[in-house]
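Report on the structure given below.
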Amino acid sequence: MAKADTRRGDTRREGLYVMSVAARLCESHPQTLRMYERMGLIHPKRTASNVRLYSDSDIERVRRIQHLTQDLGVNLAGVEVVFELLERMEGMRREMDAQVERMLRHAERMLGREISIGDLAGEENE
Numbered sequence: 127m128a129k130a131d132t133r134r135g136d137t138r139r140e141g142l143y144v145m146s147v148a149a150r151l152c153e154s155h156p157q158t159l160r161m162y163e164r165m166g167l168i169h170p171k172r173t174a175s176n177v178r179l180y181s182d183s184d185i186e187r188v189r190r191i192q193h194l195t196q197d198l199g200v201n202l203a204g205v206e207v208v209f210e211l212l213e214r215m216e217g218m219r220r221e222m223d224a225q226v227e228r229m230l231r232h233a234e235r236m237l238g239r240e241i242s243i244g245d246l247a248g249e250e251n252e
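Residues 127 to 252 in my numbering are what the sequence shown spells out, letter by letter.
The following block contains the structure:
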C-alpha cells in the first residue's frame, strides 16, 4: 500500500500500511503485531471492512518495542510500564509548559511588558 499524500498535512497517525506491509517494515511477524495490539501496546486504525491499517507512528512504536525487548531485555509487561511512564511524563511536561506560559502572561500583565524565559533566568536583555 502506498503512502498517503503528505501535502495534505501530517500523515504520521494516518493508517497507511496493511498488516503484511507493516510486518515487513518492522521485520516482524504479523502475529506479533496482533499480540501487541491485544496487549494495547499499539492501536492501528481499522477500515470499514475491519482491515488493520498501520501508521508511521505505529511502525515507530513497534520498533521501540523491539528495541526495548530485543536490545535491552525488557519483557512485554515492562514495555507496558515504560510506555505508561513515558505518557505520564509527557502529560506532566505539557502541564508544566502551560503553567509556565500562564505565569509569564501574568507577569507581563503585572509589569506591563513582554517577558521571556531568559528574563526569569536572570539573563540581561539590555
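Where a beta carbon is used, it is the ideal one built from N, C-alpha and C, also for glycine. What you are looking at is a predicted structure, and each value in this text was computed from that prediction instead of being measured.
Check your understanding: What separation, rounded to the nearest whole angstrom, lies between the Cα atoms of residue 129 and residue 148?
Key -> In this prediction, residue 129 has a pLDDT of 45, which is less than 50 and means its spatial position is unreliable; what the coordinates show is noted afterwards. Rounded to the nearest angstrom, the two C-alpha atoms are 12 Å apart.
Exercise for review: Have a look at the DSSP bridge pairing and note the partners of residue 179.
Suggested key: 144, 171
Review point. Are there 16 or more other CB atoms within 10 angstroms of the CB of residue 188, so buried, or fewer, so exposed?
Key: buried
Review point. Alpha helix (DSSP H) containing residue 196: first to last residue?
Key: Element bounds for residue 196: n/a, residue is neither H nor E.
Review point. Are there 16 or more other CB atoms within 10 angstroms of the CB of residue 178, so buried, or fewer, so exposed?
Key: With 16 or more other Cβ atoms within 10 Å, it is buried.
**Study point:** Pairwise C-alpha distance: residue 201 and residue 181
**Key:** 24 Å
Practice item. Out of 186, 226, 206, state which residue places its alpha-carbon closest to the alpha-carbon of residue 166. Key: 206
**Study point:** Contacts around residue 230, its chain only, beta-carbon distance under 7 Å, and the 5 residues preceding and following it disregarded
**Key:** 241
Exercise for review: Can you tell me the Cβ-Cβ gap for residue 162 and residue 191, rounded? I've got them flagged as a contact below 8 Å.
Suggested key: About 6 Å; that satisfies the 8 Å criterion.
Review point. If you drop the 5 nearest sequence neighbours on each side, which residues of the same chain put their C-beta closer than 8 Å to that of residue 150?
Key: none
**Study point:** Alpha carbon of residue 236 to alpha carbon of residue 215, nearest angstrom
**Key:** In this model, residue 236 and residue 215 are separated by some 31 Å (Cα to Cα).
Practice item. Note down the Cα distance separating residue 225 from residue 233, rounded to an integer number of angstroms. Key: 12 Å
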